[in-house]
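Before any comments, here is the structure.
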Amino acid sequence: MAKSFKICAATIILVVAGIFSGLFVSGKEKEGIKIPSYELSQEPERQHGRLLQDEDERYIYKVFSYILKNDIEGFVSIPEDVTVEPSRLNVIARSVKEDFPEYAPDSYRYEYKGDSVVAVKMSSFAGRDKYLSMIEDIKEGLGPSPDFKEIYDAVLSVLSPKKDGPISYTAYAIFDGISVCDGYAMNLSYLATLYGYDNYIVKGSNHAWNIVKIDGKWYEFDPTWDDDPVREYKFYSCSTEKMAELHGFEREDMLEGLPIAR
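Spelled out as structure tokens, the structure:
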């Protein structure tokens, strides 16, 4: 649940939503770093990014991923012809977090002028090389062409469901083996992507799980709720309707165009 804190006559407002915190400052405009257009054009658009509303949102998505990849600490300027309302930034930042779990984004900040964002910055947790090394170890154990159930079991084998600080909301939860649903969903998504499976992370009632395309058909999977001492795989390979029945709540999609498992 989001909380708002007003400081100094509402000049600065801090909003916390899950692991992400967005700090936005009105008034004085910072002189941000300018990213060359060519370099930004080389940034990839992964699955959730491709579902953002328009090119302007995808531009900021690429700025965030560029910041993370290059460890940029300062604000990055957004061109005047890119128009994105501050209210859309959490959706964009969440898409980056889910598409680039290897960077483990932590928080973002932004400045706005009028009703549009003019500068952004994003921070991340330390540990990228360690994470990628651990993923390579998992892949080595799985071999070159595992079936999806083997990938699923590999995620369940390295995590236990428990909240243990901010890192448990990221893919880096595998460092300590303790995770909330976000860590499960992002690690399953990342491994599935590495093995060529189309997939997305879906959410509802403050919970996250996965939808994956296997042999041309979409299925939903909830590794968090399947991680019991005795695995019954009740939340494995479900339709969207069946998953809602098992969960007791329905999906609340932040992005238009997410697939439905039938």
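Numbering (my numbering), first residue to last: 21 to 282.
The beta carbon of each residue, even a glycine, is placed where N, CA and C say it ideally should be.
Just so you know, these numbers come straight off a predicted model, no measurement behind them.
Cut-off 7 Å between Cβ atoms - residues of its own chain near residue i, not counting five sequence neighbours on either side
| i | result |
| --- | --- |
| residue 197 | 178, 179 and 180 |
| residue 276 | 71 |
| residue 63 | 82, 85 and 86 |
| residue 183 | 200 |
| residue 139 | 50, 52, 95, 96, 97, 98, 130 and 131 |
| residue 100 | none |
Whether residue i touches residue j by CB criterion (8 Å)
| i | j | result |
| --- | --- | --- |
| residue 231 | residue 217 | no |
| residue 86 | residue 109 | no |
| residue 250 | residue 204 | no |
| residue 194 | residue 207 | yes |
| residue 119 | residue 185 | no |
| residue 259 | residue 282 | yes |
| residue 215 | residue 166 | yes |
| residue 274 | residue 242 | no |
Same chain, Cβ closer than 8 Å to residue i, neighbours up to 5 away in sequence not counted
| i | result |
| --- | --- |
| residue 279 | 220, 231, 233 and 238 |
| residue 212 | 168, 171, 219, 230 and 232 |
| residue 66 | 119, 120 and 213 |
| residue 91 | none |
| residue 161 | 174 |
Exposure label - residue i; buried when at least 16 CB within 10 Å
| i | result |
| --- | --- |
| residue 268 | exposed |
| residue 54 | exposed |
| residue 146 | exposed |
| residue 134 | exposed |
| residue 115 | buried |
| residue 270 | exposed |
| residue 254 | exposed |
| residue 78 | buried |
| residue 74 | exposed |
Close Cβ partners of residue i (< 6 Å) along its chain, the five nearest in sequence each way excluded
| i | result |
| --- | --- |
| residue 41 | Bear in mind that a pLDDT of 45 at residue 41, under 50, signals an unreliable position, so the number given afterwards is only what the model happens to contain. Excluding residues within five positions, the ones whose Cβ falls inside 6 Å are 127. |
| residue 141 | 95 and 129 |
| residue 80 | 104 and 112 |
| residue 192 | 124, 145, 147 and 151 |
| residue 244 | 181, 201 and 204 |
Element boundaries [beta strand (DSSP E), containing residue i]
| i | result |
| --- | --- |
| residue 137 | 136-144 |
| residue 241 | 237-241 |
| residue 132 | 125-133 |
| residue 223 | 219-224 |
Residue i: first and last residue of the uninterrupted alpha helix (DSSP H) it sits in
| i | result |
| --- | --- |
| residue 261 | 260-267 |
| residue 228 | Taken as a continuous stretch (DSSP letters only), residue 228 belongs to no alpha helix (DSSP H), being part of the beta strand (DSSP E) at 227-234. |
| residue 54 | Looking at the DSSP string, residue 54 is not in any alpha helix (DSSP H), and its letter there is neither H nor E. |
| residue 84 | 75-90 |
| residue 111 | 109-119 |
| residue 162 | 148-162 |
Beta-bridge partners of residue i, as assigned by DSSP
| i | result |
| --- | --- |
| residue 210 | For residue 210, which the question treats as bridged, DSSP gives no partner whatsoever. |
| residue 96 | 53 and 140 |
| residue 280 | Paired residues: none, contrary to the question. |
| residue 171 | Its beta-bridge partners do not exist; DSSP assigns none. |
| residue 198 | 180 |
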